[in-house]
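For reference, the structure is listed below as structure tokens.
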Amino acid sequence: MKKLACSLIPAACSLLLGACATRALPPSANHVSEPPRAAGAIPEPVRQSAMLPPPKPAAKVETFSVTVHKVPVQSLLFALARDAGLNVDVHPDITGNVTLNALDQTLPQLLSRIQRQVDMRYEINGSTLTVLPDTPEWRNYKVDYVNIARSTTSSVNIATQISTTGGGSSAANPVAAATATGQGAGAGSSGGGNNAANNPSNNSTTVVNNRSDNNFWYSLEKNIRDLLRPTTINDKLIDPLAPAAANPAQTNQTAGAQGANSQNAPSPFDGGAFGGNRNTTNSVIVNAEGGLIAVRATSRQHEKIREFLDIVLGAAKRQVLIEATVLEVKLSNNYQQGINWNTLSGGNVGFTMQPIGQSGLPSGVNPRSSPGSFLLTYNAAGKLGNLSAAIQLLESFGKVKVLSSPKISVMNNQTALLKVVDNNVFFTLKVTPAVLGTNGNPISQAVYESKLETVPVGFVMSVTPQIADNDEVTINVRPTITRIVGYVNDPNPALADAKVVSQVPVIQARELESLMKVPSGQIAVMGGLMQDSVDNRKDGVPVLSSMPVIGDLFSYRNETSTKTELVIFMRPIVIKDASVNGDYKDYRNLLPGQPDNEPYPVPSTYPVPTAKANGS
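Position 374 of the sequence shown, counted from 1, bears residue number 374 in this note's numbering, the numbering being contiguous throughout.
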């Protein structure tokens, strides 16, 4: 009985629990559901793939040994074709004798050597060898390059004015109105005359002019014509980028060297932009829009042209990524003399320094401890220089503020310009006073004329790189940083009489212009632009702070002095594969939809060294 009761109790509990369960509702007929899938067949077990058959040795190329002395070329070609089992067609104009000693060389090698001794060219079509005179023939060359001509001109003017004479001020000139101050800036003057001409002994002026002309198609056509020229005397050329006034002088500069009469001299209208003899046939046709060059030349000349085009296109299509970081370091009290660059090359920081230019200064000053330009080389083998690590090192000298961090890709010998500015607006006023009659009544009212002027304030950088075969980059760089530091009132008496205040901004400009050579992946550092800024503030209780004697009790004065140093890091990286899967893979996470987007990615493979400066 006990066993029966023990077996009935669990069964009764299961029955009661089953009666309390809710019934599942059947799915609606309108419910969208996935149809049941049929059970798939069990896949076959993975078997080891069969090994590839061993490679078959290629058929040995037939070689020949030839030793002849002053043998007619037709007889030699017939004998070679007979031994090689080829049909041969020899043009009757093929003449000359051949002296040759060749051992175990292929038929194309032998024909190339014979071609250097006899004016001929050959073609092998199937089993037929055709030998023809080396007469000029047309061949097409595909050149993929943009159809554009660029001319870039820049100048840096610095004038140190000691004293000026004569002339009144005029605020209508925006260049004179915007006064430039600060490190690396050219101070403007508002004198009314040419002070350098009036008093040249009291003026020191430095002018740096740069010009970069890049006309690829013009230079390429000119070079190919020079390769086809039978002499070394150049035709008279016209530079399409040169000013119109300079063309006549350039056109006539080679007339004496050629010894031609003026009536036979080439004109710009004969033979296109390159001039030349009007009786000669045009052997070079350039279609820049389609990227095609057709050349009529002999086979030997075509070999030189192909070699020339390969070298030129290989150099013109090189590309470099320029990464620049502009920093402003607010120096701490321990480093009021500037950043101690010697700290970066000591210890286990991971950087070494190499000055750009002379290794030592004439005065014996160590370039590492003085401002200037030098290379900052990251010591990790096979890694590029780490800009983030260099920025972290500067934090030991003070508070670091990143002003700009541009990145731009540039083609070889092309100029790139990056401009991020705010166009601040100010007005220049011109007042025409009222004209009064004899009785004191105004004949004409005063006229006020305002002219809108803008001053760009921000960051501007221009770079022109040249990329060598060994990935060394020569860069002409010019970064400029401007800001408004205050305003001055136009002191024109006419404005003062009319009780009109015209404020003109005072611009602070910090600028560098340099030509440097940097290996790909290394960091060039330009620094030493230091400035002092003093901020005097006075606040107080209205009315009470302006009272004599007791006014100081109700006022507050704050005088702060800071010293900052401008540092520019620049790193060129020669681009071999311009894709997000190639050399731009470190910037893939900047694309939309990528996880963990960071404004300035630091590759995880780059170790970030740390350094602690003395006294910090």
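All residues carry an ideal CB built from backbone N, CA and C; glycine is no exception.
- Pairing Pro-433 with Asn-489, the inter-Cα distance amounts to about 20 Å.
- For Ser-404, the closest C-alpha among the options Phe-459, Asn-589, Phe-427, Leu-429 is that of Phe-459.
- The three-state secondary structure of Ile-573, taken from DSSP, is strand.
- Between Leu-76 and Val-98, the gap from beta carbon to beta carbon is short of 8 Å.
- If you ignore the 5 residues before and after Pro-108, its C-beta comes within less than 8 Å of the C-beta of Ile-124, all in its own chain and listed in chain order.
- Taking the C-beta atoms as reference points, Arg-318 is found nearer than 8 Å to Ile-467.
- Assigned with DSSP and collapsed to three states, Gln-301 falls in helix.
- In this structure, Asn-210 places its C-beta atom within 8 Å of the C-beta atom of Asn-476.
- Bridge partners of Ser-555 according to DSSP: Gly-540.
- For the segment 58-117, the continuous alpha helix (DSSP H) assignments of 4+ residues that do not extend past its boundaries occur at 73-84, 107-117, in sequence order.
- The C-beta distance from Ile-575 to Ser-409 rounds to 7 Å, short enough to meet the 8 Å contact threshold.
- Counting the other Cβ atoms within 10 Å of the Cβ of Asn-157 gives fewer than 16, which makes it exposed.
- Just so you know, the alpha carbons of Val-326 and Val-312 end up roughly 35 Å apart.
- Around the Cβ of Ile-42, a 10 Å sphere holds fewer than 16 other Cβ atoms; the residue is exposed.
- Closest in C-alpha terms to Thr-153, from the list Ala-84, Thr-464, Thr-106, Ile-568, comes Thr-464.
- A buried status is given to Ile-481, since no fewer than 16 other beta-carbon atoms sit within 10 Å of its beta-carbon.
- Each residue's CA atom was taken as its position, placing Ala-102 and Thr-63 some 10 Å apart.
- Under DSSP, Val-320 takes part in a beta bridge, and its partners are Val-410, Val-574.
- Residue pairing by DSSP places Pro-26 in no beta bridge whatsoever.
- Positions of the beta strand (DSSP E) runs, each at least 3 residues long and wholly inside the segment 456-513, are given as 472-489, 503-511 in order along the chain.
- Boundaries of the alpha helix (DSSP H) around Arg-225: 216-228.
- Asn-439 sits exposed, since fewer than 16 C-beta atoms from the chains shown fall within 10 Å of its C-beta.
- Excluding sequence positions up to five before and after Leu-394, its CB lies within less than 8 Å of the CB of Leu-327, Val-329, Ile-339, Val-400, Val-567, all in the same chain and listed in chain order.
- In the three-state reduction of the DSSP assignment, Arg-139 falls in the strand class.
- Inter-residue distance for Pro-519 and Val-402 is about 24 Å (C-alpha atoms, whole angstroms).
- Assignment of Gly-40 by DSSP, reduced to helix, strand and coil, places it in the coil class.
- Asn-147 and Ala-316 have their C-alpha atoms some 13 Å from each other.
- For the options Leu-495, Asp-226, Glu-472, the alpha carbon positioned closest to that of Val-447 is the one of Leu-495.
- Here Ser-154 carries a strand assignment [DSSP, helix/strand/coil].
- Exposure of Ser-579 is indicated by the presence of fewer than 16 other C-beta atoms within 10 angstroms of its C-beta.
- Excluding residues up to 5 positions away in sequence, Phe-274, Val-284, Val-286, Ile-293 lie with their Cβ nearer than 8 Å to the Cβ of Glu-221 in the same chain.
- Looking from the CA of Glu-137, the closest CA among Ala-297, Pro-55, Ala-159, Lys-56 belongs to Ala-297.
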